Amino acid sequence: DVGLLQGDFINRLMYGFRKPKKQILGSDIAGRIEAIGKNVTRFNSGDEVYGDLSGRWGGFAEYVCAPEKSLALKPVAMSFEEAAAIPQAAMLAVQGLIDKGKIQPGQKLLINGAGGGVGTFAVQIAKLYGVEVTGVDSTGKLDMLRSIGFDHLIDYTQEDFTKNGQCYDLILDVKTNRSMFDYAGALSPNGTYVTVGGSMGQLFQALFLGPWISRMNKKHIRIVALKPNKDLIYMNGLFEGGKVKPVIDGPYKLDEIQKAFSIFGKGDHKGKVVITM
Numbered sequence: 032d033v034g035l036l037q038g039d040f041i042n043r044l045m046y047g048f049r050k051p052k053k054q055i056l057g058s059d060i061a062g063r064i065e066a067i068g069k070n071v072t073r074f075n076s077g078d079e080v081y082g083d084l085s086g087r088w089g090g091f092a093e094y095v096c097a098p099e100k101s102l103a104l105k106p107v108a109m110s111f112e113e114a115a116a117i118p119q120a121a122m123l124a125v126q127g128l129i130d131k132g133k134i135q136p137g138q139k140l141l142i143n144g145a146g147g148g149v150g151t152f153a154v155q156i157a158k159l160y161g162v163e164v165t166g167v168d169s170t171g172k173l174d175m176l177r178s179i180g181f182d183h184l185i186d187y188t189q190e191d192f193t194k195n196g197q198c199y200d201l202i203l204d205v206k207t208n209r210s211m212f213d214y215a216g217a218l219s220p221n222g223t224y225v226t227v228g229g230s231m232g233q234l235f236q237a238l239f240l241g242p243w244i245s246r247m248n249k250k251h252i253r254i255v256a257l258k259p260n261k262d263l264i265y266m267n268g269l270f271e272g273g274k275v276k277p278v279i280d281g282p283y284k285l286d287e288i289q290k291a292f293s294i295f296g297k298g299d300h301k302g303k304v305v306i307t308m
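Residue numbers (the working numbering): 32 to 308.
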């Protein structure tokens, strides 16, 4: 099974302009090992595994060749669909909240773009720290977000969270669709803004303006450079302990992939879009 990523969507759009080097998309995978190379030491044929192929692509297929370092054993109680939803989305949530955000009990956290894979993992992880969480997304996702633990919700079609007078200790941004100055204005004193995705223009703004804003306003602007698969074992523990459960849109069959891309491209998906073989 395969989880659909923003990178899959972008690469698909580019296919009409040039011949792709990687003709089969799909990076987040889950499945059963059919055969291993002679130097593989951590796995055996028949093991159930999952992970992020980290730009190698090829996941939208019944068979794929994966490096040993890109995989982890799948917990027995975890379905292949749940496993395929985890790798990149959960890594971004963990690395954004814990590694870069330095999340602390009692903080006020806002997640912009809360209704996708990253946001639905992030709220569950944040709740383990006793954090008050506000989610920002569209009208159609609010009921789902409420059901998985958000304390407050903002419909971005009705309200701009950077202009409503509220401030947050930590902002985790999946969309990065406003200026860094707007984000800084929504942070509490000594607050931290962390972006895990968005347009190249906005990411460059965070990269170059972030240090200046941090020095001038005592507010921290940080970017997550994804470390693929680093926290899969940590996520296994949370899943097995009943602390985290993937929110899945679908799963869609491989012959429904056009429908899955359409839903993802419109931003109508709730949780992580998963393709099953």
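Beta carbons: idealized from backbone N, C-alpha and C, even for Gly.
The structure displayed is predicted, hence computed values, not measured ones.
Exercise. Taking C-beta to C-beta, are residue 250 and residue 291 nearer than 8 angstroms?
Worked result: no
Exercise. Taking the alpha helix (DSSP H) that residue 245 falls in, what are its first and last residues?
Worked result: 231–248
Exercise. Just curious, the alpha helix (DSSP H) that residue 263 is in, first and last residue?
Worked result: 263–271
Exercise. What separation, rounded to the nearest whole angstrom, lies between the Cα atoms of residue 97 and residue 287?
Worked result: 24 angstroms
Exercise. What separation, rounded to the nearest whole angstrom, lies between the Cα atoms of residue 304 and residue 127?
Worked result: 21 angstroms
For this session: Report the residue ranges of all beta strand (DSSP E) runs contained in full by the stretch 106–135; include only those spanning at least 3 residues, in chain order.
Result: none
For this session: With DSSP collapsed to three states, give me the class of residue 215.
Result: helix
Problem set entry | Where residue 80 falls: helix, strand or coil (DSSP) | strand
Exercise. In angstroms, rounded to a whole number, what distance separates the CA positions of residue 209 and residue 297?
Worked result: 19 angstroms
Problem set entry | Element boundaries [beta strand (DSSP E), containing residue 103] | 102–104
Exercise. Helix, strand or coil for residue 154 per DSSP?
Worked result: helix
Problem set entry | Exposed unless 16 or more other CB atoms sit within 10 angstroms - verdict on residue 217 | buried
Problem set entry | Beta-carbon proximity list for residue 181, same chain, < 6 angstroms, skipping 5 on both sides | 154, 164 and 166
Exercise. For residue 111, does the count of other Cβ atoms within 10 angstroms reach 16, so buried, or fall short, so exposed?
Worked result: buried
Problem set entry | Alpha carbon of residue 263 to alpha carbon of residue 82, nearest angstrom | 8 angstroms
Problem set entry | Residues near residue 105 by beta carbon distance below 7 angstroms, same chain, minus five either side | 61, 79, 80, 81 and 114
For this session: Name the two residues that bound the continuous alpha helix (DSSP H) containing residue 253.
Result: Looking at the DSSP string, residue 253 is not in any alpha helix (DSSP H); the run it does join, the beta strand (DSSP E), is 251–254.
For this session: Starting from the Cα of residue 161, find the closest Cα among 135, 149, 147 and 125 and give me that residue.
Result: 135
For this session: Measure how close the beta-carbons of residue 191 and residue 169 come, nearest whole angstrom, since I'm counting them as under 8 angstroms.
Result: The pair is not a contact, with the Cβ atoms about 14 angstroms apart (cut-off 8 angstroms).
Exercise. In the DSSP assignment, what residue or residues form a beta bridge with residue 163?
Worked result: 139
For this session: Starting from the C-beta of residue 269, find all residues in its chain whose C-beta is less than 6 angstroms away, skip the five residues before and the five after it, and write them out in chain order.
Result: 275
Exercise. Measuring CB to CB, does residue 278 end up less than 8 angstroms from residue 301?
Worked result: yes
Exercise. Taking the continuous alpha helix (DSSP H) assigned at residue 61, which residues delimit it?
Worked result: Careful: residue 61 lies outside any alpha helix (DSSP H), inside the beta strand (DSSP E) at 59–63.
For this session: Could you pull the start and end residues of the beta strand (DSSP E) that residue 286 belongs to?
Result: Here residue 286 belongs to no beta strand (DSSP E), and DSSP marks it neither H nor E.
Exercise. Do you know whose CA, among 141, 147 and 245, lies nearest residue 197's CA?
Worked result: 141
Exercise. Per DSSP, residue 183 is paired with what?
Worked result: 165
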